[in-house]
Every structure is written in C-alpha cells, then in structure tokens.
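Trainee:
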Amino acid sequence: MRTIAFWLLFISQGLFTLSAQSYTFSGIITNEKRKMMDGVQVILSVEDSLSAMALTDEKGHFRIDGLKEGAYELRLFFLGYNAQEQILRVENRDVRKDFLLTPEKTVVLDEVMVTGNRNDQVNRTATGEIFYLSEKAKNMKDPFRALQEIPRLYSDVANRKVQLEDGAQPLILINGNRYNSGIATLDPREIESVEIIDVVKARYLKDGYQKILNIKLKKKTQPFIFLEGATRHDVPFRKGLGVGYFEVGNSRYALYGRASVDYLYDDRSEQEQRQLNTGYSKWTKGEERLDGTSYLGELQFRWMCTDKDYIVAHMYGNKKINKKKGWGDGLLTDGIPQEFDYSSFNKDQSYIFTASLFHKHTFAKNHILETTLAFNKNHNENDGNRSESYLDWSYLNTYLYKNDRNSGRFDVDYNVDFANGGSLNVGNQTRFTSDRIRQVSIGMPTFRHEKWEEYLYADYSQSIKRFSYMLSAGLEGIWLKAGEASNHYFKPRISLSGNYDFSDHLSTRLGYTLTNTAPTESELNPYNMSTDSLVKTQGNPYLLPSQNHKLNLSLTFNTKGFYLTPSVSYRISTDLVESYGFSEEDIYISSYRNSGKYKNLRIGGSLSYRIGNLGRIGVNAYHVVDYYENQDPRKGFSCSLYFNANYKKWYLGADILYNNYTYTPISRVKYHSPSFSMVQVSYNFTDYFYISVAMENCLVTYRTSMELRSGSYENYSDQRKISASFRPWILLRYTFRKNKSKAMKERKNVYSIEEGIKL
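Numbering (this note's numbering), first residue to last: 4 to 762.
1. Counting C-beta neighbours from all protein chains within 10 Å, is the total for residue 96 16 or more, i.e. buried, or is it exposed?
2. By the DSSP assignment, the alpha helix (DSSP H) with residue 207 in it spans what residues?
3. Nearest to residue 173 by CA position, among 588, 155, 599, is which residue?
4. From which residue to which residue does the beta strand (DSSP E) around residue 730 run?
5. Cα-Cα, which of 343, 453, 266 is closest to residue 397?
6. By how many angstroms is the C-alpha of residue 579 removed from the C-alpha of residue 550?
7. To which residues of the same chain is residue 328 closer than 6 Å at the C-beta, ignoring the five residues directly before and after it?
8. Could you have a look at residue 141 and say whether DSSP puts it in helix, strand or coil?
9. Is it true that the CB of residue 704 sits closer than 8 Å to the CB of residue 728?
10. Leaving out five residues on either side along the sequence, give the residues of the same chain with a beta carbon under 7 Å from the beta carbon of residue 415.
11. Could you pull out every unbroken beta strand (DSSP E) segment of at least 3 residues lying fully inside the segment 564–650, listed in chain order?
12. For residue 101, which residues in the same chain have their Cβ closer than 6 Å to its Cβ, ignoring the five residues on either side in sequence?
13. Run through DSSP, which three-state label would residue 188 get?
14. Compare the Cα-Cα distances from residue 230 to each of 248, 242, 320 and report the closest residue.
15. For residue 261, collect the residues of the same chain with a Cβ closer than 6 Å to its Cβ; drop the 5 residues on either side in sequence, then sort them by chain order.
16. Would you mind working out which of 675, 266, 471, 67 sits nearest residue 663, comparing C-alpha positions?
17. So, helix, strand or coil for residue 469, using DSSP?
18. For residue 318 and residue 657, I'd like the C-alpha separation in whole angstroms.
19. Using three-state DSSP, classify residue 702 as helix, strand or coil.
20. Which whole-angstrom value describes the C-beta separation of residue 531 and residue 523, a residue pair presumed to lie in contact below a C-beta threshold of 8 Å?
21. According to DSSP, is residue 676 helix, strand or coil?
22. With burial defined as no fewer than 16 other Cβ atoms inside 10 Å of the residue's Cβ, what is the status of residue 650: buried or exposed?
23. Secondary structure at residue 264, three-state DSSP: helix, strand or coil?
24. Mapping the DSSP letters down to three states, classify residue 74 as helix, strand or coil.
25. Taking DSSP as the reference, what is the three-state secondary structure of residue 54?
26. Applying the criterion that 16 or more other CB atoms from any shown protein chain within 10 Å of the CB defines a buried residue, is residue 118 buried or exposed?
27. Give the straight-line distance between the Cα atoms of residue 132 and residue 332, rounded to the nearest whole angstrom.
28. Since residue 584 and residue 695 should fall inside the 8 Å C-beta cutoff, what is the C-beta to C-beta distance between them, to a whole number of angstroms?
29. For residue 412 versus residue 209, is the C-beta spacing smaller than 8 Å?
30. Answer with buried or exposed for residue 379, where buried requires no fewer than 16 other C-beta atoms within 10 angstroms of its C-beta.
31. Count the other CB atoms within 10 Å of the CB of residue 730; is the residue buried (16 or more) or exposed (fewer)?
32. How about the segment 474–485 and the segment 440–447: do they share at least three Cβ pairs that are nearer than 8 Å?
33. Taking just the CA atoms, how far does residue 27 sit from residue 77?
34. Could you name the residues of the same chain whose beta carbon sits closer than 6 Å to that of residue 440, not counting the 5 residues immediately before and after it, in chain order?
35. Do three or more CB pairs link the segment 249–257 to the segment 273–290 at distances below 8 Å?
36. Note down, in chain order, each residue of its chain lying with its Cβ closer than 6 Å to the Cβ of residue 358, except the 5 sequence neighbours on either side.
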C-alpha cells in the first residue's frame with residue numbers, strides 16, 4: 004500500500020508540474036546594417052489583450068519568461084522603423100527567434116516630414132522577392148487594385164486576373180497554400196506581404212508551374228461576410244459575363260461559393276489561305292463566326308476542427324458549349340482551275356466535374372503534414388462538317404468524336420522548419436488518368452490512353468547572412484498505354500537557386516531547373532482531326548516526354564520608387580515533341596515526333612516606377628532567339644507597356660503587349676498588330692461600387708499571318724479579328740464586406756488542375 008501511495012503521489016506531482024509548465028521566448032533584434040538595437044518593444048497579446056512585454060538591451064537581446072502553451076500575436080515596435088506583426092506559437096519547448104527591422108525612409112521638406120512608402124521595401128529570398136503594400140493600397144478596398152502597386156505584377160482589375168509583367172501565369176498561393184480564384188474575397192488590409200517566386204520547387208514542377216505568387220495574410224477572428232456581383236458586356240453585344248461570389252464564416256468555419264455565366268455572340272473574323280504542293284494549289288477566302296456559352300459553379304467548405312487540424316472540401320463544375328461557322332469561296336488548280344464555295348460547322352461541348360478533400364495536420368511547432376485527395380470526370384463531344392461545292396462534283400467531310408476522361412490524384416507533403424532558419428520539404432504525388440477517344444462518325448475502334456504517375460520529391464532551403472539557397476529534386480515514374488503502344492520510364496526533376504544580397508537595394512540570383520513535358524492526348528491520338536480535303540492531322544502514340552534544361556541569371560535593383568530587373572535565360576530541350584509533315588498521294592500528313600534538340604536564348608528585363616501615391620508605370624522588353632536543329636537561328640522580340648493611376652474616385656489604366664514573331668520548326672507567325680491593347684477608365688460611386696469603361700484592341704485591327712513549309716507542302720494564311728477590334732465594354736461591380744478583417748487566415752483551396760480532354 005505504501006508503494007502504491009508513493010507512486011500515486013509521484014504521478015500526481017508530475018502531472019501538476021506539467022500543468023504548471025511555462026516556457027521562455029527570447030532572441031536578438033538587429034537593424035538593416037546588422038547592428039544590435041536597444042529599446043525595441045516586444046509585445047505579446049492574446050485576443051487583443053496584452054499578455055507580456057519586454058525591451059531589448061544594448062546588445063539587442065530580449066527575454067520573456069512564464070509563457071503558457073498557445074498562440075500569441077507578436078508585435079515589434081521601434082520609432083522610425085517598420086513595425087512587424089506575426090503569430091508566435093509556443094508548443095512544448097522554449098522559443099528563440101531573431102528579427103531584422105528596416106527603417107522607414109523619410110525626407111524633410113520645409114519642416115514637413117514625409118514618411119516613405121513601405122512598398123519601397125523589398126526582401127530577397129533564394130527563389131524570389133517579397134513586397135509590401137503601402138497604406139494607400141491597403142485602404143483601396145479592392146485587392147486587384149491594391150496589387151497593381153507591386154512591381155513585376157500585372158493586375159487586371161476588371162477581369163479579376165493577375166499575371167507577371169512578362170505574361171507568365173503564376174500559381175496563386177495564399178499563406179503558402181494553393182488558392183484558385185480566391186483573390187477577389189481578400190480585403191487588402193489583410194495582406195501582410197506579396198511574394199513572387201521565380202525558381203519553383205520540385206513540388207510544383209510536376210504540374211508545369213514556372214512562377215508562383217504567394218500572398219501572406221494576417222490572422223484574424225470573429226464572424227465575417229463577403230458578397231460580390233459583377234456584370235460586363237461589349238457594346239454592341241459580343242462578349243459578356245455575369246458572376247457572383249460569397250464567403251461567410253469565422254475563425255473556425257468558412258463557406259465559399261462562386262457562380263458565373265459567360266457568353267460569346269457573333270464574333271467574326273476574316274481569313275485567307277493559300278496551299279501549295281506538288282501538282283496543285285488551293286486558295287480560299289472567307290469568314291468565320293464564333294458563338295459560345297460557359298456555366299461555372301464552385302463550392303468550398305473550410306473547417307479548422309482543432310488547433311492542429313484543418314480540413315477543406317471542394318466541388319467544382321464547368322460546362323462549355325462552343326459553335327463555329329465558316330463560309331467563303333476558293334480556287335483549286337489541279338491542271339484545270341476549278342472555282343468552289345465552301346462551308347463548315349463545328350459544335351464542341353464539354354463538362355468537367357471535380358471533387359477534392361484536403362487535410363493539414365500540425366504535429367508540433369513547424370512540423371506540418373498535408374494530404375490531398377481529388378477526383379475528376381470530364382466528357383467532350385466534337386461534332387462538325389465541312390463541304391466544298393465545285394461545278395460538277397462536291398466534297399463532304401462529317402465527323403463526331405465522343406471523348407471521356409477520368410482522373411484522380413493523391414498527394415502527401417511533409418514540411419519541417421529548423422531553428423537555424425532551414426526548411427525541409429518531402430512528399431509524393433500519385434496520379435491516374437484514363438482517356439477514351441471514340442470517332443463515332445466512321446465507327447473507328449476506341450482509342451484508349453491510360454497513365455499512372457508516381458512522383459517523389461524533396462527540397463531544402465537555407466539562409467546564411469546575405470546568401471540564401473534552395474536545393475530541390477524529384478524522381479518521376481510513368482507507366483502508360485496509348486492504343487497498342489505501351490511504355491514506362493523514370494525521369495528526374497531538379498530545381499536549384501542561389502541569391503546574394505549586395506545591399507538592401509541590389510541582389511543577384513542564379514537558378515537552374517530540369518523538367519520533363521509529357522505529350523498531350525491530342526499529340527498521341529492517331530485519328531485524323533482535319534476537315535481539309537488536302538490535309539490530315541493525326542497524333543503519334545509512340546511519343547516520349549521531352550526534357551528541358553533552363554539556366555536563368557537575373558539582377559534586381561530598387562530605389563526611390565524604381566524597380567529594375569535585367570535577366571538572361573538559356574534553355575535546352577531534348578526529345579522535343581514538335582510538328583512535322585510529309586506528302587502522300589498529294590495529301591499533306593501533319594503529325595508529331597521526338598526530333599532532336601531545341602535551344603532558346605532570352606535576354607531582356609523590366610523597369611517600373613512608382614509615381615508617388617498616384618500609381619505606377621512599367622515597361623519590359625525581351626529579345627528571343629530560337630535554335631532548331633539544322634536550321635538558322637530564328638529571332639523574335641516582345642515588349643509591353645502599362646500604366647495605372649488612382650486619383651480620388653477615378654482610376655485610369657492603359658496596357659499594350661506586342662510580339663513580332665513566334666516560331667515552330669516548320670512555321671512562323673507574324674503579328675501585324677499588338678497582341679493586346681486596352682485603355683480603361685473607372686469611377687467609384689462608393690468604396691465598394693464602381694463602373695468601368697474600356698476599349699480593347701484599340702490601336703489597329705488585330706491581325707496575324709502564318710507561313711508553314713514542310714517538304715513540298717506550303718501553307719500561307721492571314722487572319723483579321725474584325726469583331727474583337729475597336730470594341731468597347733462596360734462593367735459594373737458591387738462588393739459587400741462585413742467584418743472581413745476577421746476572416747480565418749487558413750485559405751487552402753483544394754482545386755483540380757484538370758483542364759479536361761479536348762482534341
């Protein structure tokens with residue numbers, strides 16, 4: 004009995020000790036010159052109530068004792084320096100962290116002190132840059148308008164889209180989590196920082212992403228409501244949309260939804276084409292009309308079920324119907340000239356449905372496990388015909404394809420952050436795809452495409468004073484069957500990056516990536532997809548992935564509102580999937596093959612300038628050279644210019660993008676006009692209700708021409724988009740927010756990367 008009593012007393016004493024366990028938070032705070040700072044306020048709060056406070060000593064040290072387990076709001080204050088805010092988690096051990104404070108830039112004008120914008124501050128990492136919004140941007144109420152302040156980022160307010168200045172479409176992350184179409188629900192006051200990642204880790208290389216935009220938010224609590232509706236239409240009617248968003252919830256739960264309808268009506272273009280081959284020539288001239296509708300519905304539920312577990316359920320559906328009509332006349336010369344009339348019709352309809360489930364578990368401080376399960380179902384029907392009527396004979400081609408795809412994915416990712424500032428990330432991605440392509444019109448056997456993919460990856464990043472680096476690698480195994488052809492292979496993926504800060508304003512980065520690009524289902528499909536009587540277009544089921552090596556060197560410099568980024572990149576592709584063709588009985592056969600090497604050199608950069616508190620102007624330009632095997636170098640040039648300004652209730656924006664040439668191994672496309680141009684004016688009736696008027700392709704009629712040569716076959720075509728040029732549009736948008744600053748910080752949107760099967 005005495006022994007039992009002793010152990011009961013010992014255990015109860017141990018439990019009491021554990022329940023009374025307290026921890027210490029300590030660290031060192033330095034300034035931008037790496038000097039210790041004396042007198043910095045270190046404040047810890049819980050639910051807006053002060054929990055603890057300390058001041059740094061002359062050596063920059065601080066220490067707070069007696070902390071319980073839990074999450075604290077940490078704030079660092081020092082007069083003349085930018086304040087810092089973040090969440091501090093105390094879990095089962097003492098916490099030590101070091102901080103760097105940067106000064107607010109000030110100038111004295113006639114005894115009036117003006118504090119510089121925080122968006123002059125740029126933090127460099129091994130893979131990109133981190134930017135900050137000014138107070139003016141945070142008070143704009145519209146996240147897309149606020150993001151226009153970020154250098155290197157192009158934010159289209161009216162169309163609710165963001166891209167980089169060079170046209171690259173980044174993967175959107177919120178707090179490091181994938182978040183699809185969710186920027187619209189953000190309040191700019193929530194945004195803590197905006198990171199642009201140029202060198203992507205192996206985790207995202209598998210999905211083909213080359214750039215990432217990561218928006219970091221502050222953590223808030225209490226209920227919130229977000230509603231938004233918008234409608235946009237061309238004048239006269241050609242293209243338009245109606246869309247509605249909602250999000251309701253609190254710090255534990257959130258429900259998000261989106262519904263939209265898009266339409267395209269009587270979109271006309273003019274086309275002219277000339278084909279030449281041994282023994283014949285064919286010339287056509289006519290018009291083409293496009294019509295279409297698209298319906299989209301999306302629903303997402305987020306649940307912070309415990310302090311360590313976070314769950315997201317997501318559903319998404321999209322239905323598209325597109326129609327294309329063509330008509331005109333032509334001349335076929337095959338010994339004797341023969342005039343003819345032609346007409347064509349195509350109806351393409353498809354739907355995509357996806358369901359996803361995501362779980363995030365935090366084992367301990369900075370130890371996080373993420374799992375994702377998703378399923379996609381897609382159906383596509385392509386129905387059409389083409390007829391040519393000659394004097395004494397006619398040609399008719401009818402076709403009907405019914406295509407189905409089922410795909411699924413299971414991803415596991417584990418991340419740990421170390422006390423020395425290093426970060427390790429490992430994971431595995433499993434994908435399965437099953438395609439069925441049926442050429443119903445002529446009763447061809449079903450073409451089956453099955454693919455199983457396993458992808459194992461790991462990455463590590465570390466900062467050492469002014470130098471930071473990232474090492475990332477993955478190994479991909481693919482087993483596939485395309486028709487009667489079967490294959491399997493293992494391919495590596497590598498991403499390396501190093502960044503060195505010469506100063507707070509100047510840095511350089513060197514990056515290298517090794518990726519693999521698998522052939523698409525249309526490149527594998529052996530069925531003829533052409534309706535032209537003189538051309539057959541068919542895939543090659545024996546294609547292999549191409550391998551891409553890319554080396555990139557860049558420099559970034561920012562000062563007094565200027566942001567300059569010169570860069571040079573060099574790419575080498577082997578086993579490139581490229582178009583080729585040959586003639587067979589006066590019919591040109593167009594297909595694909597893995598044919599040797601391709602090299603690409605890209606030199607240029609971007610420059611932007613913040614015009615005080617008014618807005619920003621920027622330009623970027625690149626010289627591009629394509630090197631195809633056994634061919635002369637093919638040179639191209641691209642540039643863009645943008646301007647945006649906000650004055651009181653008015654907004655003015657202008658954009659122009661121009662390319663002169665783009666190439667394939669057998670063709671060249673010439674752009675006779677800017678690829679895109681727009682002038683836009685907006686007026687805010689209130690902070691949350693505005694009208695916008697714009698003119699797209701406002702300089703000259705959009706026109707392109709193509710030259711294609713392959714063996715004895717030649718094709719010259721010219722297209723003018725009549726309806727899309729000089730067409731104004733009007734947009735109305737209304738947003739309602741209530742306690743939006745109290746939204747939950749976790750915003751993981753598990754969405755499908757499936758684009759659907761389409762030939």
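A virtual CB, placed ideally from N, CA and C, is assigned to each residue, including glycine.
Mentor: Working from what's here:
1. Translated into positions along the sequence shown, residue 96 becomes position 93. Per the 10 Å Cβ criterion, exposed.
2. Taking the sequence shown and counting its residues from 1, one reaches residue 207 at position 204. For residue 207, the enclosing alpha helix (DSSP H) has its first and last residue at 205–208.
3. Numbered from its first residue, the sequence shown carries residue 173 at position 170. Taking each of 588, 155, 599 in turn and checking the Cα distance to residue 173, the smallest one comes out for 155.
4. As a working mapping, residue 730 is identified with position 727 in the sequence shown. In the DSSP assignment, residue 730 falls within the beta strand (DSSP E) that extends over 730–741.
5. Stepping through the sequence shown from its first residue, residue 397 is reached at position 394. The shortest CA-to-CA distance from residue 397 to any of 343, 453, 266 is the one to 343.
6. By 1-based counting over the sequence shown, the position of residue 550 is 547. By 1-based counting over the sequence shown, the position of residue 579 is 576. For the pair residue 550 and residue 579, the Cα-to-Cα distance works out to about 7 Å.
7. Residue 328 sits at position 325 when you count from the first residue of the sequence shown. 292, 348, listed in sequence order.
8. Walking along the sequence shown from the start, residue 141 turns up at place 138. Residue 141 falls in the helix class under three-state DSSP.
9. As a first step, residue 728 must be located in the sequence shown, where it is residue number 725. As a first step, residue 704 must be located in the sequence shown, where it is residue number 701. In this structure, residue 704 lies closer than 8 Å to residue 728 by Cβ.
10. The residue given as residue 415 occupies position 412 in the sequence shown. Residues of the same chain with a CB within less than 7 Å of the CB of residue 415, apart from the 5 flanking positions on each side, are 374, 430, 431 in chain order.
11. You should have 565–577, 580–587, 590–597, 600–614, 618–631, 637–650.
12. Start at 1 with the first residue of the sequence shown, and residue 101 comes out as number 98. Around residue 101: 30, 31.
13. Counting from one through the sequence shown, the residue named residue 188 turns up at place 185. Three-state result, residue 188: helix.
14. Counting from 1 along the sequence shown, the entry for residue 230 is found at position 227. Relative to residue 230, the option among 248, 242, 320 whose CA is nearest is 248.
15. Within the sequence shown, numbered from 1, the residue matching residue 261 stands at position 258. Excluding residues within five positions, the ones whose Cβ falls inside 6 Å are 248, 301.
16. Your numbering for residue 663 matches position 660 in the sequence shown. Nearest of 675, 266, 471, 67 to residue 663, Cα basis: 675.
17. Position 466 of the sequence shown holds residue 469. In the structure shown, residue 469 sits in coil (DSSP, three-state: anything other than H, G, I, E or B).
18. The count along the sequence shown starts at 1 and reaches residue 318 at position 315. The count along the sequence shown starts at 1 and reaches residue 657 at position 654. Going from the Cα of residue 318 to the Cα of residue 657 covers about 36 Å.
19. Looking up residue 702 in the sequence shown gives position 699. In the three-state scheme derived from DSSP, where H, G and I count as helix and E and B as strand, residue 702 is classed as coil.
20. In the sequence shown, the residue the question calls residue 531 occupies position 528. In the sequence shown, the residue the question calls residue 523 occupies position 520. Not confirmed; about 17 Å, so no contact.
21. Your numbering for residue 676 matches position 673 in the sequence shown. In the structure shown, residue 676 sits in coil (DSSP, three-state: anything other than H, G, I, E or B).
22. In the sequence shown, residue 650 corresponds to position 647, counting from 1. Exposed, because fewer than 16 other Cβ atoms sit within 10 Å of the Cβ of residue 650.
23. Translated into the one-based positions of the sequence shown, residue 264 becomes position 261. Residue 264 falls in the strand class under three-state DSSP.
24. Position 71 of the sequence shown holds residue 74. It is a strand residue.
25. The residue you call residue 54 lines up with position 51 of the sequence shown. Three-state DSSP puts residue 54 in a strand.
26. One-based indexing of the sequence shown puts residue 118 at position 115. With a pLDDT of 38 at residue 118, under the threshold of 50, the modelled position of that residue is not reliable, and the figure given next carries that caveat. It is exposed - the Cβ of residue 118 has fewer than 16 other Cβ atoms within 10 Å.
27. Residue numbering aside, residue 132 sits at position 129 when the sequence shown is read from its first letter. Residue numbering aside, residue 332 sits at position 329 when the sequence shown is read from its first letter. Straight-line Cα distance between these residues: approximately 55 Å.
28. Mapped onto the sequence shown, residue 584 falls at position 581. Mapped onto the sequence shown, residue 695 falls at position 692. Residue 584 to residue 695, Cβ: 46 Å. No contact.
29. What you label residue 412 is simply residue 409 of the sequence shown in a count that begins at 1. What you label residue 209 is simply residue 206 of the sequence shown in a count that begins at 1. When the beta-carbon positions are compared, residue 412 and residue 209 stay at least 8 Å from each other.
30. Against the sequence shown, residue 379 aligns to sequence position 376. By the 10 Å Cβ count, residue 379 comes out buried.
31. What you label residue 730 is simply residue 727 of the sequence shown in a count that begins at 1. Buried.
32. At 8 Å Cβ cutoff, the stretches do not touch.
33. Looking up residue 77 in the sequence shown gives position 74. Looking up residue 27 in the sequence shown gives position 24. Answer to the nearest angstrom: the Cα atoms are 14 Å apart.
34. What you label residue 440 is simply residue 437 of the sequence shown in a count that begins at 1. Same-chain partners within the cutoff: 406, 450, 528.
35. No contact exists between the segment 249–257 and the segment 273–290.
36. Taking the sequence shown and counting its residues from 1, the one referred to as residue 358 is at position 355. The beta carbon of residue 358 sits closer than 6 Å to the beta carbons of 318, 378 from its chain, once the five residues preceding and following it are set aside; these are given in chain order.
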